[in-house]
């Protein structure tokens with residue numbers, strides 16, 4: 400029964416990036432419904448808001464460009480949904496373009512971002528019956544970088560399915576993952592709520608339940 404419930408639970412593409420970046424942070428957002436916005440989140444939102452305009456559908460250099468495209472894959476092993484920043488159609492070929500505010504200093508892309516885009520590919524391929532490619536555009540350097548999704552499809556697909564299963568297990572249990580060792584917290588928008596280096600913060604859900612109990616007693 401638990402397996403069936405797990406398979407039926409839909410997962411947003413965006414939350415995959417949250418989970419891979421930090422499972423504990425993902426749990427605070429998805430399970431405790433906590434959210435804290437900081438400079439980095441605000442900057443990223445500004446970049447995405449400029450892209451996510453469903454009215455922006457146009458042609459440029461023989462490319463049809465669509466922004467804010469809803470996609471999904473309702474196969475049991477995925478059951479994903481989300482919105483892509485941009486999809487370009489060149490002839491019969493499709494290309495996902497994911498917008499990010501800042502390029503990593505020591506690498507071309509962050510792995511959690513790559514897996515987020517791979518999940519988009521799984522949905523785009525399903526909806527448009529294609530085998531699309533994908534790129535990440537970084538606003539700070541104003542450049543696009545291709546992602547090795549096709550050549551590593553089997554590896555990424557296996558990891559995606561494993562990640563989705565883990566996420567659903569936590570959601571079913573209502574359990575927040577523990578903080579990982581060597582987790583880099585600088586710049587995290589949830590740092591002030593989590594603060595693992597200082598003290599263990601009580602869960603928001605527990606705080607609400609305590610308040611409700613006191614109200615009932617009164």
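In this note's numbering, the protein residues as written are 400 to 617. Glycine is no exception: its CB is placed at the ideal position from the N, C-alpha and C atoms. What you are looking at is a predicted structure, and each value in this text was computed from that prediction instead of being measured.
Burial state of residue i, where buried means 16 or more other Cβ atoms lie within 10 Å
i           : result
residue 474 : exposed
residue 495 : buried
residue 621 : In the structure as shown, the chain starts at 400 and stops at 617, and residue 621 therefore has no counterpart that could be examined.
residue 540 : exposed
residue 489 : exposed
residue 573 : exposed
residue 409 : exposed
residue 483 : buried
residue 507 : exposed
DSSP three-state assignment for residue i, whether helix, strand or coil
i           : result
residue 478 : coil
residue 543 : strand
residue 495 : strand
residue 534 : strand
residue 419 : helix
residue 501 : coil
residue 506 : coil
According to DSSP, residues forming a beta bridge with residue i
i           : result
residue 469 : 482
residue 411 : 480
Same chain only: Cβ atoms within 8 Å of residue i, ignoring 5 sequence neighbours per side
i           : result
residue 416 : 511, 512, 514, 515
residue 426 : 569, 574, 575, 576
Beta-carbon proximity list for residue i, same chain, < 6 Å, skipping 5 on both sides
i           : result
residue 444 : Unreliable placement is indicated for residue 444, whose pLDDT of 48 sits below 50; the coordinate value is still reported in the next sentence. There are no such residues.
residue 612 : none
residue 471 : 480, 522
residue 536 : 496, 498, 543
Close Cβ partners of residue i (< 7 Å) along its chain, the five nearest in sequence each way excluded
i           : result
residue 555 : 514, 517, 548
residue 520 : 495, 531, 533, 548
Boundaries of the beta strand (DSSP E) in which residue i is found, first to last residue
i           : result
residue 524 : Premise fails: residue 524 lies in the alpha helix (DSSP H), 510 to 527, not in any beta strand (DSSP E).
residue 572 : Element bounds for residue 572: not the beta strand (DSSP E) but the alpha helix (DSSP H), 552 to 572.
Residue i - containing alpha helix (DSSP H), residue span
i           : result
residue 422 : 422 to 429
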